[in-house]
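Residues in the sequence shown are numbered from 2 upward in steps of one, following the working numbering.
Don't be surprised by glycine CBs; every beta carbon is placed ideally from N, CA and C.
Everything on this sheet refers to the single structure shown next.
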Amino acid sequence: MSTKTAFITGITGQDGAYLAKNLLNKGYKVVGAIPRRSSSDVNQWRLNWLGIADQVIHEDCDLLDVSSLVRVLTKYQPDEIYNLGAQSFVATSWAQPLLTGQVTGMGAANLLEAMRLVSPGARFYQASTSEMYGLIQEPMQSESTPFYPRSPYAAAKLYAHWMTV
2 MSTKTAFITG ITGQDGAYLA KNLLNKGYKV VGAIPRRSSS DVNQWRLNWL GIADQVIHED
62 CDLLDVSSLV RVLTKYQPDE IYNLGAQSFV ATSWAQPLLT GQVTGMGAAN LLEAMRLVSP
122 GARFYQASTS EMYGLIQEPM QSESTPFYPR SPYAAAKLYA HWMTV
């Protein structure tokens, strides 16, 4: 049986780091997108804390740059692609709505386009958020609860969701 390869954006975040650890424990080769605009010494502390920083393949790659996504997907031909990358601070999304829309929304579309071109057979996971439901319209949320985003972050996540659908 050959080793599966997973590509993770947002690998330095909480969910990305724990996902990487879980996949490594299952025998996956894990490739993580590290955008150059982030400081690796600061942002990789979770990977270091989990003891997996040296087991993850770090690639300079950015959701805003389709060519870097195509390059990495071509190089590794992942079986699974996990998009956890985002500008995920709701308050910051009000201060930086354009960046939030570009990274969180268009970043997902960029990754999907790179996947379509290079790795169409890969499985894709798009991380979502309860923020997409925003103002509670029902006492209990379900799959049929209507979306009601109330921040630039929520709207960008909803765009990424619908592009994935």
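Buried versus exposed, by CB contacts within 10 Å (16 or more), residue i
i           : result
residue 111 : buried
residue 137 : exposed
residue 158 : buried
residue 19  : exposed
residue 118 : exposed
residue 156 : buried
residue 47  : buried
residue 116 : buried
residue 17  : buried
residue 24  : buried
residue 99  : exposed
First through last residue of the beta strand (DSSP E) which encompasses residue i
i           : result
residue 60  : 58-61
residue 5   : Looking at the DSSP string, residue 5 is not in any beta strand (DSSP E), and its letter there is neither H nor E.
residue 124 : 124-127
residue 119 : Looking at the DSSP string, residue 119 is not in any beta strand (DSSP E); the run it does join, the alpha helix (DSSP H), is 108-119.
residue 156 : Per DSSP, residue 156 belongs to no beta strand (DSSP E); it is in the alpha helix (DSSP H), 153-165.
residue 135 : Premise fails: residue 135 is in no beta strand (DSSP E) and is neither H nor E.
residue 31  : 30-35
Residue i, enclosing alpha helix (DSSP H) - first and last residue
i           : result
residue 22  : 15-26
residue 100 : 98-101
residue 48  : 46-50
Contact check, residue i vs residue j, beta carbons under 8 Å
i           : j           : result
residue 10  : residue 86  : yes
residue 108 : residue 64  : yes
residue 133 : residue 150 : yes
residue 153 : residue 89  : no
residue 60  : residue 28  : no
residue 57  : residue 91  : no
residue 75  : residue 45  : no
Next item on the list: Give a yes or no on contact between the stretch 65-75 and the stretch 46-56, applying the rule of three or more CB pairs nearer than 8 Å.
Entry: Touching, no, given that fewer than three Cβ pairs across the two stretches are closer than 8 Å.
Notebook entry, point to check: Is the number of C-beta pairs between the stretch 6-15 and the stretch 74-82 that are closer than 8 Å three or more?
Noted result: Two segments are said to touch when three or more pairs of C-beta atoms, one from each, lie closer than 8 Å; by this definition the stretch 6-15 touches the stretch 74-82.
Item checked: Touch test, the stretch 124-135 against the stretch 84-99, Cβ-Cβ under 8 Å, three pairs minimum -> Taking 8 Å as the limit for Cβ pairs, the verdict is that the stretch 84-99 does touch the stretch 124-135.
Next item on the list: Jot down the residue ranges of each uninterrupted alpha helix (DSSP H) in the stretch 64-94, minimum 4 residues, whole runs only, in chain order.
Entry: You should have 67-77.
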